[in-house]
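Report on the following structure.
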Amino acid sequence: MPGMAVGMAAANLPWLCPRTDNLIALADKPETLPQRAKLDPALALLLLRLAPSLSFPQNWTVAELASPRLPAWVLAYLQRPACGVLPWSSHAWQRLWQWACQAARQAAAAARQSRRVSPSQAYFAALLAPLGWYAVAAIDPLALGDVLHDPQAQHAPRTRQQATWGLDHAAIARRLALRWNLPPWLSEIVGKLHLPSSLASQFAENGEVPPLVPLVQWAWREVERADPAAAALGLTPETDTEVLTVTSSSADGPPFAPKALAEGAPRLSDPDDGKSSQSENPACLTAGSTADDPYQVPLLLPLLRQALGHRQQQGATVIARFENEVDQLHAALERAGRQAASQLQQAKLAALAEFAAGAAHEINNPLAIITAQVQNLLRKETDTQRREAFQVILKQSQRIADLLKDVMTFARPPRPQRSPVPLTELLLALRRELHEVLQTSQVRLEIQADDPALWLNIDIKQVLQGLGAVLRNAVEAAAAGGWVRLRVEATPAWLHILVEDSGPGLSPAAAEHAFDPFYSGREAGRGRGLGLPLAWRLLQQNEGNLRYEPLPETPGRFRISLPRCVDPPALLRQSA
1 MPGMAVGMAA ANLPWLCPRT DNLIALADKP ETLPQRAKLD PALALLLLRL
51 APSLSFPQNW TVAELASPRL PAWVLAYLQR PACGVLPWSS HAWQRLWQWA
101 CQAARQAAAA ARQSRRVSPS QAYFAALLAP LGWYAVAAID PLALGDVLHD
151 PQAQHAPRTR QQATWGLDHA AIARRLALRW NLPPWLSEIV GKLHLPSSLA
201 SQFAENGEVP PLVPLVQWAW REVERADPAA AALGLTPETD TEVLTVTSSS
251 ADGPPFAPKA LAEGAPRLSD PDDGKSSQSE NPACLTAGST ADDPYQVPLL
301 LPLLRQALGH RQQQGATVIA RFENEVDQLH AALERAGRQA ASQLQQAKLA
351 ALAEFAAGAA HEINNPLAII TAQVQNLLRK ETDTQRREAF QVILKQSQRI
401 ADLLKDVMTF ARPPRPQRSP VPLTELLLAL RRELHEVLQT SQVRLEIQAD
451 DPALWLNIDI KQVLQGLGAV LRNAVEAAAA GGWVRLRVEA TPAWLHILVE
501 DSGPGLSPAA AEHAFDPFYS GREAGRGRGL GLPLAWRLLQ QNEGNLRYEP
551 LPETPGRFRI SLPRCVDPPA LLRQSA
């Protein structure tokens, strides 16, 4: 665009376009807009323009922000030719934005100390003070850099701006403030902040400069003190060498004096003090670190139309219902994901079971022949060495037979013979079965059952085999000198047996495959990898369940869930 035309084009901008993420939030999370506006000048201007009854940032309410007016107004402009998009990826823009964020923080801190101006109002006043610059950036980022990077602009900033753009930043800002119907307190800032005190009082209502003006001037002077290149913006008076001091006639508090305030307020880092100005508030800078053009996001318009339709029909109350619906959809999606994972696991185990059953059958037939032949040879053999060799073969054949038996039990477990079983009987049988293992491994078993008079409706042989596999796994994990704890919890329908140990717990990879057959989590040749899968299979046969529960700051535990027997005497009579 020809240089002299930039100023008029900037002064006639219909709007500044907020960032895409903020327009999405406008549609579905309007309560977050005030906080988001601190990192997006276009969003801040949009809220100030469209909420005239609540033109002070501290007065913004969710009801106002959730009205149909915001999405309707944004839709109208997004459906027109693209304009007002800020160049977030431009180096010149990022430098300008960094200064604006620094000034806004300084102004808010000064307002908190003075207690005469709202910190929120002071923040946005300082943030939006370079409005004319923002408009030029949206029209032509190169024109922004032409002035910003010109060393001469620091000495006569508005003269340089007018020569390059046709209008200086203040003239552009005054036109936009009038055209956009900005609140009076902001109009006093964006087009008049550069005026010396003598002229500022003449333009002010009742001849008094509002306390907000010298406060924002002081904040921007602090930015210029930290980085003299910021003087090229021309936001502060060129002729005033002293910071304005204004004494308020109000008796509500002490007079506001930025000059005195500067002695105690936090100050910006000097360029050579060893601190990076970007580290002071990274959020201000990363918010605009990448290119962003809402006009190029095709799904944005349907989202805004949907939000507008909901708000027009039912007003702000639809937001709460919409959020509840989203929550329900998320919950349903999570349930579906869990069900799909469970179904996949069931299908995987079923396929493995069928394969294992077929393989076991094919292996068992030749194994039976080998065993029979070796037994026959052993009966006839008289040589001691050959007899020992035959016995080794028989022993290993028996190991294979035991493995095949477990495989067949996993693949095609027998139909459970369920009957009422007291919990005490199950626990005593479990302790007897594990007695030798516990002694050999030197692991202590602790059983905590507050109400041993509970009954279960189970096949005790199958459940005892499943529980034994889980406990043996825990004993191996605990190692010598460790402990295994079995704790019982009861609900009206279920009895939960929690198995914990002093071992390191399962790694995420091992936990993922804990119930997969033939996965032992150890080197090949150690363990069959059938203990936990077989336990899971047998407990499922008894309408129970087995799952691993990782716990924070502890190794984790296994939870065995079994159905309680509600009326043991009745079931005992039926079984008799």
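Residues 1 to 576, numbered by UniProt numbering, are exactly what the sequence shown covers, in order.
From the three backbone atoms N, C-alpha and C, an ideal C-beta is built for every residue, glycine too.
Name the one or two DSSP bridge partners that Tyr548 has.
Phe558
Can you list, in chain order, the residues of its chain whose CB lies under 7 Å from that of Pro34, leaving out five sequence neighbours each side?
Pro57, Trp60
To which residues of the same chain is Leu506 closer than 7 Å at the C-beta, ignoring the five residues directly before and after it?
Correct list, in chain order: Ala514, Tyr548, Gly556.
Between the C-alpha atoms of Leu178 and Gly337, what's the straight-line distance to the nearest angstrom?
55 Å
If we call anything under 9 Å between Cβ atoms a contact, is Val443 one with Gly482?
Their beta carbons are under 9 Å apart, which means Val443 touches Gly482 by this criterion.
Rounded to whole angstroms, what's the CA-CA distance from Thr424 to Leu438? Just pull it up for me.
Rounded to the nearest angstrom, the two C-alpha atoms are 19 Å apart.
Local Cβ density within 10 Å of Phe390, reported as buried at 16 or more and exposed below that:
buried
Measure the CB-CB distance between Leu539 and Ser561 and report whether it falls below 9 Å.
Ser561 sits close to Leu539, with the two beta carbons spaced by under 9 Å.
Per DSSP, what kind of secondary structure is Pro141 in: helix, strand or coil?
Looking at Pro141 - three-state DSSP - the assignment turns out to be helix.
Can you list, in chain order, the residues of its chain whose CB lies under 8 Å from that of Leu182, leaving out five sequence neighbours each side?
Leu45, Leu48, Arg49, Leu176, Val190
Should the stretch 68-80 be called in touch with the stretch 125-138, which here means at least 3 C-beta pairs below 8 Å?
Contact check between the stretch 68-80 and the stretch 125-138: fewer than three CB pairs, one atom from each, fall below 8 Å, which does not count as touching.
Can you give me the start and stop residues for the beta strand (DSSP E) that Ser441 sits inside?
For Ser441, no beta strand (DSSP E) encloses it; the enclosing alpha helix (DSSP H) starts and ends at 423-441.
Leu532 and Leu551 closer than 9 Å at C-beta
no
So what's residue 578 in DSSP terms, helix, strand or just coil?
Coverage of the chain is limited to positions 1 through 576, which leaves residue 578 absent and any answer about it impossible.
Chain-order list of residues whose beta-carbon lies under 7 Å from that of Val74 (same chain, five-residue window excluded)
Leu23, Leu26, Leu304
So, under 8 Å CB-CB, Ala331 and Leu235 are touching, yes? Tell me the CB distance rounded to an integer number of Å.
Their Cβ separation, rounded to whole angstroms, is 51 Å, which puts Ala331 and Leu235 out of contact at 8 Å.
If you count every other CB in all the chains shown that lies within 10 Å of the CB of Asp168, and 16 or more means buried, which is it?
buried
Let me know the secondary structure DSSP gives Leu86 once reduced to three states.
coil
For Arg116, three-class secondary structure by DSSP:
coil
At least 3 beta-carbon pairs within less than 8 Å: the stretch 349-359 vs the stretch 368-383
Because the criterion of three Cβ pairs below 8 Å is not met, the stretch 349-359 and the stretch 368-383 do not touch.
According to DSSP, is Ala153 helix, strand or coil?
helix
So which of Ala66, Val488, Leu445, Ala511 has the shortest CA-CA distance to Ala564?
The sequence shown places Arg at residue 564, rather than the Ala named in the question. Nearest option by C-alpha distance: Val488.
Would you kindly work out how many angstroms separate the C-alpha atoms of Leu394 and Arg415, rounded to a whole number?
31 Å
Could you spell out where the alpha helix (DSSP H) holding Glu446 opens and where it closes?
Counted as a single uninterrupted DSSP element, the stretch harbouring Glu446 is not any alpha helix (DSSP H) but the beta strand (DSSP E) occupying residues 444-448.
Three-state secondary structure (DSSP) at Trp15?
DSSP places Trp15 outside both helix and strand once states are collapsed to three, so it counts as coil.
Residue of Ser441, Arg559, Ala232, Asp459 minimising C-alpha distance to Ala480:
Among Ser441, Arg559, Ala232, Asp459, the Cα nearest to that of Ala480 belongs to Ser441.
Closer than 7 Å by C-beta to Pro282: which residues in its own chain qualify, once you throw out the five before and the five after it? Chain order, please.
A caution first: Pro282 carries a pLDDT of 38, below 50, which makes its placement in the model unreliable, though a value can still be read off. Result list for Pro282: empty, nothing under 7 Å.
Which ranges does the alpha helix (DSSP H) cover as unbroken runs of at least 4 residues, wholly within the stretch 316-383, from first to last along the chain?
Whole alpha helix (DSSP H) segments, 4+ residues: 317-380.
Nearest candidate by alpha-carbon position, reference Arg431, set Gly468, Leu86, Gln462
Considering only Gly468, Leu86, Gln462, the residue with the shortest C-alpha distance to Arg431 is Gly468.
Within the continuous alpha helix (DSSP H) that includes Val223, where are the two ends?
212-226
Leu215 and Ala100 closer than 9 Å at C-beta:
no
Unbroken beta strand (DSSP E) run spanning Trp483, endpoints
483-490
Going by C-alpha distance, which of Ala535, Leu471, Arg485, Ala229 is nearest Glu436?
Leu471
Check whether Gln152 and Arg158 have beta carbons under 9 Å apart:
no
If we ignore side chains and look at the alpha-carbon of each, how far apart do Ile370 and Asp567 end up?
51 Å
With distances taken from CA atoms, which of Ala307, His310, Glu512, Leu456 is nearest Asn542?
Leu456
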